[in-house]
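Visitor:
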Amino acid sequence: MPRLSAMEEEIEMGEMKKEKDEIGASESLMDEETMFAFVGLTLEKPSDAALDGMNYGPIVDEVMDIPVDDSIPNEENVFYDMDDPPMDVGTIYTNMNDFRKAVKQHAIKTQFELGTEKSNPNLFRGFCKVESCPWSIVARWMKNEKHVKICLNKGEHFCSSTGRVRTKMASYHWVGEKAIPFLKKDPNMGAIKLQNELQEKYVTTIHYSTIYVGMHIAREKLYGTWEDSFGNLFNFKAMVDLKMPGSVVEIGLKETEDGVYFQRFFCCFKPSINGFLNGCRPYLSVDATSLNGRWNGQLASATALDGHNWIFPLAFGLFESETNEEWIWFMEQLKRAIGSPPHLAICSDACKGLENAVKAVFPLAEHKACFIHLMKNFSKRFQGPIFGNMYPAARTFCPIYHEKLMHKMYKANDRVQPFLETYHSLLWMRSKFSEDIKCDYITNNIAQVWNNWVKDLKDLPIAELVDSLRSKFMELYARRRDIGERLEGHTMLRIIDRHLNVLSRQLGNLKVKVGGMGEAEVTEITDRHKVIRHVVNLAQHTCSCREWQVSGKPCPHALVVITSHRNPKMEDYLHPYFSVSLFRLAYTGIISPFPDKSQWPSIDLGFKVLPPLKKKAPGRQRKHRIPGCLEGKGNKSRTKGMWQVQCKQCKEFGHRESSAKCVFNGTKKRKSRAKG
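Number 294 in UniProt numbering belongs to position 294 of the sequence shown; there are no gaps in the numbering.
1. Name the one or two DSSP bridge partners that Thr205 has.
2. Taking just the CA atoms, how far does Ser321 sit from Glu521?
3. Using three-state DSSP, classify Gly518 as helix, strand or coil.
4. Go to Ser247, then tell me how far its beta strand (DSSP E) extends in each direction, as first and last residue.
5. State yes or no: is the C-beta of Met244 within less than 8 Å of the C-beta of Ser468?
6. Assign Leu123 to one of three DSSP states: helix, strand, or coil.
7. How far does the alpha helix (DSSP H) with Phe378 in it reach, from first residue to last?
8. Nearest-angstrom Cα distance between Val560 and Ser471?
9. Using beta-carbon positions only, say whether Leu314 and Ala302 come within less than 8 Å of one another.
10. For Met409, count neighbouring C-beta atoms within 10 Å of its own C-beta (all shown protein chains included) and say buried if the count is 16 or more, exposed if not.
11. So does the segment 256-272 actually touch the segment 211-221, counting three or more Cβ pairs closer than 8 Å?
12. What did DSSP end up calling Ala302 once you bin it into helix, strand or coil?
13. In the DSSP assignment, the beta strand (DSSP E) including Asp287 goes from what residue to what residue?
14. Taking the beta carbon of Asn144 as the centre, do at least 16 other beta carbons fall within 10 Å, making it buried, or is it exposed?
15. Are Phe112 and Thr162 close, meaning C-beta to C-beta below 8 Å?
16. What's the call for Lys178, buried or exposed, on a 16-neighbour Cβ count within 10 Å?
17. Alpha carbon to alpha carbon, how far is Ser431 from Pro399? Give it in angstroms, no decimals.
18. In this structure, how does DSSP classify Ala238 when only helix, strand and coil are distinguished?
19. Thinking just about the alpha-carbon of each residue, which of Thr323, Pro342 and Thr225 is nearest to the one in Gly353?
20. Mapping DSSP to helix, strand and coil, what is His499?
21. Flag this pair as touching only if the segment 292-299 and the segment 233-248 have three or more C-beta atom pairs under 8 Å; answer yes or no.
22. Strictly by DSSP, which residues pair up with Lys154?
23. Here's the rule: buried if 16 or more other CB atoms are within 10 angstroms of the residue's CB, otherwise exposed. What is Arg264?
24. What does the alpha-carbon distance come out to for the pair Glu250 and Ala337?
25. Let me know the secondary structure DSSP gives Ser229 once reduced to three states.
26. Are the segment 421-429 and the segment 271-282 in contact at 8 Å, needing three or more beta carbon pairs?
27. Start and end of the beta strand (DSSP E) containing Ile532?
28. Could you work out which residue in Glu355, Asn537 and His373 is closest to Glu366 when comparing CA atoms only?
29. Counting C-beta neighbours from all protein chains within 10 Å, is the total for Val502 16 or more, i.e. buried, or is it exposed?
30. Shorter than 7 Å, the distance from the beta carbon of Asn232 to the closest heavy atom of the ligand GTP, or not?
31. Taking the C-alpha atoms as reference points, what is the distance between Gly155 and Pro134?
32. Please state whether the Cβ-Cβ distance between Ile180 and Leu123 is less than 8 Å.
33. Kindly indicate the opening and closing residues of the beta strand (DSSP E) around Pro341.
34. Quick one: residues in its chain with C-beta nearer than 6 Å to the C-beta of His575, no 5 flanking neighbours on either side, listed in chain order?
35. Check for me: the alpha helix (DSSP H) holding Tyr477 runs from which residue to which?
36. Report yes if the CB atom of Leu507 is closer than 8 Å to the CB atom of Pro554, and no otherwise.
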């Protein structure tokens, strides 16, 4: 879990010792790749050469060694390199459209500009546009043979290369075809990067606007149109119900006189529900992040933690904005999926709509607030070294220390207590966390991990976005399931065992006095030579510092008592949430693989689902009408403000194509170009 150490260095820590926090921190101990290597797995698939080299032994069967030919007589199969099509006399193509594409690609490959003398379904005559170049080509539709054949390819090129000048050869339709492999590899690729890739591969010069339009054509070929993607959500829902019964998928619509509009979406797969309820701690991080595509909506998420402190994606949703209504609807669907688990805790950022929704739908849940967001607001109003005590006050598990540190700040400024009680009344301090949840996080950084995990998907069409999230869920669960299978036979996660053993070698400043019946006194000498004493009870898994009870893992005071015995078993002192059995239960369910969208069940709603209604733009509305472009004042020439500009992309008036108001631009920030 990320720390705020850079800020804490400037803070008077008071009676709290900084190192004490870092020893007892809850954090992910190892990433997935390291864990794979640790348990003997690999993320890489065997190469084709390795598979070819495997000796499977000879397979000999004289009776079955009969050749089978499934070809159709007189059927012609035309195959050629799409990037370097042959132009020799006698070469055949399926139809004239294929030949036109091929000869245009030949012009780009050979670096000349193609001119067209005649082009129809039966005949094509082309030439090089340089007058002194003798090259020409003729292709005809062969009526009897049902294909196009090149009849003439005259001469060689004596003209200079056109690869470094703009021509009409690389059209946006050509870009739309050639961009598909690049977008499959990198769905988040921008227009500038695509321009560089295409120009480098095909040695041609292409205008940015051609790349931009062609990229949208390629995206529509890959994912379908943006408008149709909202209706495809119902097909996705039918596919989920078919493959994973018990999942909760809900789609909200808004009916108006003009039609039926998409409003919101929620999805929680059945394997995720079972994994959370059976294998994870009752802790959820809920947040929303803005989409970058043509719809400027919100992608909401509910994320849990597994026994290794890895994120466990549980549910996600889509809606217009973070209002009370939208958040209440999202939380109601979440409650449909998971019910009301006992001792549930929900952590959120500083969002009033979400805070109200949690109170309304999960009134018994422990609602935590992100400490980072609290400090952003707090530091704007209160400055000075004394207010640095907020950090140790948030991190200490001991209520007495917390109250002592808070009293110092209340005494320094009488506005601190009213401010916190009014604007930050949720739980942000460990000293008041429940001991049943076994999670000591004071930030909502889990949500940031989720946002980084999905950032490359946020500009996809909606149906492709939700299906891509399902695919990421599927791959993540499969990797974690492999790790769990390798840990079979172990009681606890070995890496946690090793981590605790390493920590036990760093406790030289702690002294133990054994009392009896598993109880002991642990004396801690701080860097300021102050003596602090705590009581540890091994039988009850408690320490007077409360870290063991809140986190579920032995605190430094408990560790020094545990390691006073020879060869202790660390699993005896860990909460079951950190056991291998629960880790495996979390990922037992399988997120089903899906075919492409064309093979999903087709749901006939009887109406077309339209894209979401546009939001009203912020700010004061105009009082005066903008004069039309043909309106003027007598014989005076047009002046600023006397005509409307029109966007070249969406064709709407009032903004230019580079404006954020254009629906094709969305909210995605442009990459800044390097100066120089």
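We treat Cβ as the ideally placed atom computed from N, Cα and C, and that holds for glycine. For clarity, every value in this text was computed on a predicted model and none was experimentally measured.
Guide: If we stick to the structure as given:
1. Stepping through the sequence shown from its first residue, residue 205 is reached at position 205. Looking at the DSSP assignment, Thr205 forms a beta bridge with Arg166.
2. Counting from one through the sequence shown, the residue named residue 521 turns up at place 521. Counting from one through the sequence shown, the residue named residue 321 turns up at place 321. If I take the Cα positions, the gap works out to 54 Å.
3. Start at 1 with the first residue of the sequence shown, and residue 518 comes out as number 518. Correct three-state label for Gly518: coil.
4. On the sequence shown, position 247 is the one that residue 247 refers to. Element bounds for Ser247: n/a, residue is neither H nor E.
5. Here the question's residue 244 lines up with position 244 in the sequence shown. Here the question's residue 468 lines up with position 468 in the sequence shown. Contact flag unset, no.
6. Indexing the sequence shown from 1 puts residue 123 at position 123. Correct three-state label for Leu123: strand.
7. Counting from one through the sequence shown, the residue named residue 378 turns up at place 378. Per DSSP, Phe378 belongs to the alpha helix (DSSP H) from Phe371 to Arg381.
8. Taking the first residue of the sequence shown as 1, we reach residue 560 at position 560. Taking the first residue of the sequence shown as 1, we reach residue 471 at position 471. Taking the straight line from one Cα to the other gives about 45 Å.
9. Residue 314 sits at position 314 when you count from the first residue of the sequence shown. Residue 302 sits at position 302 when you count from the first residue of the sequence shown. It is a contact, given that the beta carbons lie within the stated cut-off.
10. To locate residue 409, count along the sequence shown from 1; it is residue 409. That one is buried.
11. no
12. Residue 302 sits at position 302 when you count from the first residue of the sequence shown. Strand at Ala302.
13. Counting from one through the sequence shown, the residue named residue 287 turns up at place 287. Start and end: Tyr283 to Ser290.
14. Here the question's residue 144 lines up with position 144 in the sequence shown. Counting the other CB atoms within 10 Å of its CB gives Asn144 a total below 16, which places it among the exposed residues.
15. Counting from 1 along the sequence shown, the entry for residue 112 is found at position 112. Counting from 1 along the sequence shown, the entry for residue 162 is found at position 162. Yes, the Cβ-Cβ distance between Phe112 and Thr162 is below 8 Å.
16. Walking along the sequence shown from the start, residue 178 turns up at place 178. Around the Cβ of Lys178, a 10 Å sphere holds 16 or more other Cβ atoms; the residue is buried.
17. Translated into the one-based positions of the sequence shown, residue 399 becomes position 399. Translated into the one-based positions of the sequence shown, residue 431 becomes position 431. If I take the Cα positions, the gap works out to 5 Å.
18. As a working mapping, residue 238 is identified with position 238 in the sequence shown. Three-state result, Ala238: helix.
19. Translated into positions along the sequence shown, residue 353 becomes position 353. It is Thr323 whose Cα lies nearest to the Cα of Gly353.
20. Stepping through the sequence shown from its first residue, residue 499 is reached at position 499. The answer is helix: DSSP assigns His499 an H, G or I state.
21. no
22. Here residue 154 refers to the residue found at position 154 when the sequence shown is read from its first residue. In DSSP, Lys154 forms a bridge with Ser136.
23. Looking up residue 264 in the sequence shown gives position 264. If you draw a 10 Å sphere on the C-beta of Arg264, you find 16 or more other C-beta atoms in it, and that means buried.
24. As a first step, residue 250 is located in the sequence shown; it is residue number 250 there, counting from the start. As a first step, residue 337 is located in the sequence shown; it is residue number 337 there, counting from the start. The straight-line gap from Cα to Cα measures roughly 11 Å.
25. To locate residue 229, count along the sequence shown from 1; it is residue 229. In this structure, Ser229 counts as helix in the three-state DSSP scheme.
26. no
27. In the sequence shown, residue 532 corresponds to position 532, counting from 1. Note, Ile532: beta strand (DSSP E), Val531 to Asn537.
28. Within the sequence shown, numbered from 1, the residue matching residue 366 stands at position 366. Checking every option, the nearest Cα to that of Glu366 belongs to Glu355.
29. Numbered from 1 along the sequence shown, position 502 holds the residue referred to as residue 502. Burial call: exposed.
30. What this structure holds is no ligand at all, so the ligand GTP is not there to describe.
31. For the purposes of this step, residue 155 is identified with residue 155 of the sequence shown, where counting begins at 1. For the purposes of this step, residue 134 is identified with residue 134 of the sequence shown, where counting begins at 1. One C-alpha to the other measures close to 6 Å.
32. In the sequence shown, counting from the first residue as 1, residue 180 sits at position 180. In the sequence shown, counting from the first residue as 1, residue 123 sits at position 123. Against a cut-off of 8 Å, the Cβ pair of Leu123 and Ile180 comes out as no contact.
33. Within the sequence shown, the letter at position 341 stands for residue 341. In the DSSP assignment, Pro341 falls outside any beta strand (DSSP E) and carries neither an H nor an E.
34. Sequence index remark: in the sequence shown, residue 575 carries index 575 (1-based). Here the set comprises Lys438 and Gly552.
35. Stepping through the sequence shown from its first residue, residue 477 is reached at position 477. First-last of the alpha helix (DSSP H) with Tyr477: Ile462 to Arg486.
36. If you number the sequence shown from 1, residue 507 lands on position 507. If you number the sequence shown from 1, residue 554 lands on position 554. No, Cβ-Cβ distance for Leu507 and Pro554 is not below 8 Å.
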